[in-house]
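In order, the protein sequence lines correspond to chains A and B. If you read the first sequence in the numbering used here, its first letter stands for residue 1, the second for the next number, and so on. If you read the second sequence in the numbering used here, its first letter stands for residue 1001, the second for the next number, and so on. In this text, a Cβ means the ideal position worked out from N, Cα and C, and glycines have one as well. Note that this is a predicted model, so its numbers are computed, not measured.
Number of protein chains: 2
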Amino acid sequence: MPDSEYRDIRQLNIFSQMTDEHFTSLMRGAYIQNFPAQIELITEGEPSDFLHIILSGSVDLFSCWNGRDSSLAVVRPISTFILAATIRDAPYLMSARTLEKSRIVLLPSQDVRAIFELDSDFARAIVTELAQCYRAVIKTQKDLKLRTSLERLANYLLRMQKRSGGGATFELDFEKRLLASVLGMTPENLSRAFKGLQPYGVTVNGTLISIHNQADIERFAKPNPLIDDLSS
Amino acid sequence: MPDSEYRDIRQLNIFSQMTDEHFTSLMRGAYIQNFPAQIELITEGEPSDFLHIILSGSVDLFSCWNGRDSSLAVVRPISTFILAATIRDAPYLMSARTLEKSRIVLLPSQDVRAIFELDSDFARAIVTELAQCYRAVIKTQKDLKLRTSLERLANYLLRMQKRSGGGATFELDFEKRLLASVLGMTPENLSRAFKGLQPYGVTVNGTLISIHNQADIERFAKPNPLIDDLSS
DNA sequence: TCATAATATTGACATATATCAATCCATTTC
DNA sequence: GAAATGGATTGATATATGTCAATATTATGA
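Structure follows, in structure tokens:
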């Protein structure tokens, strides 16, 4: 593994406070791999053998039941995923597949749990991380239960706008079919939802979104930090 | 606080491994109170001043947005709630209200965080707890996104049946209006959903549920441990 | 015990969302 | 560059779910 990647991983909140010795020991057991697009990295229900770290590319976390499937989240660099399953030594609740060519680090779950027992700063960092993940899912659940699909789309666009600098135009960062699934709707409905936002000054051209009237769309979307603030 | 309650709290997973000294110190700062029904204990958005422990009664965790509201969970004894907000020193994401007369312990969040820094066994116990909470919410999200309301109800009934011993009849443990909100539907729709399960051998009489044909309802509900197992 | 209030149910209807089929459009592949 | 592929859009329609109003049922308190 190149030094720059090693340092990038070290700077993740979850690893930044642990001792050098423990970090080195964790990394010694790491596998690093480049995966092509559309590879299933993880299948729900299987034992959680590895904690994953995504260094480049993007990964879709999804789940299937009774012939249906739904995307729960898209993970981007640099972050870990499947932490809770690793810690609890429990089966994966979601499957994961690469959306594009992606570089992934695999840390054996056993090693992670062993260091977790040894290094209490690592344990505390995991607490903080899990608490944040938990709160993120609660926010998603509120989004799903309290909002219509049109409202979810409007707020999603405002979050993306903020994340990409706040300008009037920005790009969607994955295809609409996937976005529909993340937002809990069908692709057809997403198309119609985009049309439904036109009266509020939102236009779409391929993956390019333009917000012509910020006040209008915000008045409709009513974004709320307790649902839409990604941090905190 | 009576000794028996003190011991009950001590036996919660999150507290059972910490030193006596730290536990005693935590409990010294605790407030214990009996609340009547329908008291709002917590309001979303406010700073998380206390970690709550419910000793008796029941508490509804809910959230509001744009004039709508939805119940996210019902908490029963003996357990803690609002752990993630306490740990992150972040605002509550949900409100909480007593559903009936309830006995609640309030632990100042500052104290919890202080002991969290001192006692690494406590920190590790919190990791385990948060990982479980996280996985529980992910399961709920899968339930919401992958199932229709009829399927959610069917699986909910199967979970309750299991929890109450597995017999053919059992009681709902809160009113249907609340159940509807927890399941993400309206009370009217819940009524119709109960009717919709009759062809699968489910009958309802007030709060008493009877499952006349276990195989039939299971064939319809298709329960899945990755969604419906409360533990793991 | 009755009176009152709250919850639950039902029916009629409106809206939201999904499904299916056809077409359009962009991209890839040869 | 033409064909082929897969995603995106559109229209027609079906289904699921929500809303409103009326009534029934249950719980509550004087």
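Is the shortest distance between the beta-carbon of residue i and the beta-carbons of chain A less than 8 Å?
i	result
Lys1176/B	no
Asn1233/B	Any question about residue 1233/B goes unanswered here, given that chain B covers just 1001 to 1232.
Thr1128/B	yes
Leu1153/B	no
Val1105/B	no
Gly1045/B	yes
Gln1141/B	yes
Ile984/B	One cannot answer for residue 984/B here, as it falls past the ends of chain B, which runs 1001 to 1232.
Tyr1134/B	yes
Ile1209/B	no
Ala1123/B	yes
Tyr1088/B	The residue asked about is misnamed: residue 1088/B is Arg in this sequence, not Tyr. Arg1088/B counts as touching chain A.
Could you please give me the residues that DSSP links to residue i through a beta bridge?
i	result
Asp60/A	Val74/A, Arg97/A
Pro91/A	Pro47/A
Val1127/B	DSSP output for Val1127/B lists no bridge partner at all.
Val1202/B	Ile1211/B
Leu1107/B	Leu1051/B
Arg152/A	None, per the DSSP bridge assignment.
Ser1079/B	Ile1054/B
Arg68/A	Trp65/A
Glu1040/B	Arg1097/B
Using a C-beta cutoff of 8 Å, does residue i count as contacting chain B?
i	result
Gln17/A	no
Ala131/A	yes
Gly184/A	yes
Lys145/A	yes
Ser232/A	yes
Arg68/A	yes
Pro187/A	no
Pro91/A	yes
Ala96/A	no
Asn137/A	Per the sequence shown, residue 137/A should be read as Val rather than Asn. It does: the Cβ of Val137/A has a partner Cβ on chain B nearer than 8 Å.
Ala84/A	yes
Leu12/A	no
Ile53/A	no
Ser149/A	no
Leu118/A	no
Leu72/A	yes
Ser63/A	yes
What three-state label does DSSP hand residue i in the structure shown?
i	result
Phe239/A	The requested residue 239/A is not part of the displayed model; chain A covers only 1 to 232.
Asp173/A	coil
Ile138/A	helix
Arg1007/B	helix
Ser102/A	strand
Leu230/A	coil
Arg147/A	coil
Gly196/A	helix
Lys162/A	helix
Thr1086/B	helix
Gln17/A	coil
Asn189/A	helix
Asp121/A	helix
Leu1012/B	coil
Pro223/A	coil
Met1/A	coil
Ala114/A	helix
Leu1157/B	helix
Ala180/A	helix
Within 8 Å, do at least three Cβ pairs link the region 1042-1060 of chain B to the region 1089-1096 of chain B? By the Cβ criterion, the region 1089-1096 of chain B is in contact with the region 1042-1060 of chain B, since at least three pairs of Cβ atoms, one from each stretch, lie closer than 8 Å.
If you pair each beta-carbon of the region 1022-1035 of chain B with each one of the region 111-129 of chain A, do three or more pairs fall below 8 Å? Judged by Cβ distances under 8 Å, the region 1022-1035 of chain B makes no contact with the region 111-129 of chain A, as fewer than three pairs qualify.
Can we say the region 1072-1086 of chain B touches the region 1048-1055 of chain B, given the rule of at least three CB pairs closer than 8 Å? Yes, since at least three Cβ pairs between the region 1072-1086 of chain B and the region 1048-1055 of chain B fall closer than 8 Å, the two stretches touch.
Within the chosen definition, does the region 142-151 of chain A reach the region 170-187 of chain A through at least 3 CB pairs nearer than 8 Å? Yes, since at least three Cβ pairs between the region 142-151 of chain A and the region 170-187 of chain A fall closer than 8 Å, the two stretches touch.
Touch test, the region 1120-1135 of chain B against the region 1166-1174 of chain B, Cβ-Cβ under 8 Å, three pairs minimum: Result no; under three Cβ-Cβ pairs closer than 8 Å.
For the region 1008-1015 of chain B against the region 211-231 of chain A, do three or more pairs of beta-carbon atoms, one drawn from each stretch, fall closer than 8 Å, so that the two count as touching? Taking 8 Å as the limit for Cβ pairs, the verdict is that the region 211-231 of chain A does not touch the region 1008-1015 of chain B.
For the region 1134-1148 of chain B against the region 57-71 of chain A, are there 3 or more C-beta pairs whose distance is under 8 Å? At 8 Å Cβ cutoff, the stretches touch.
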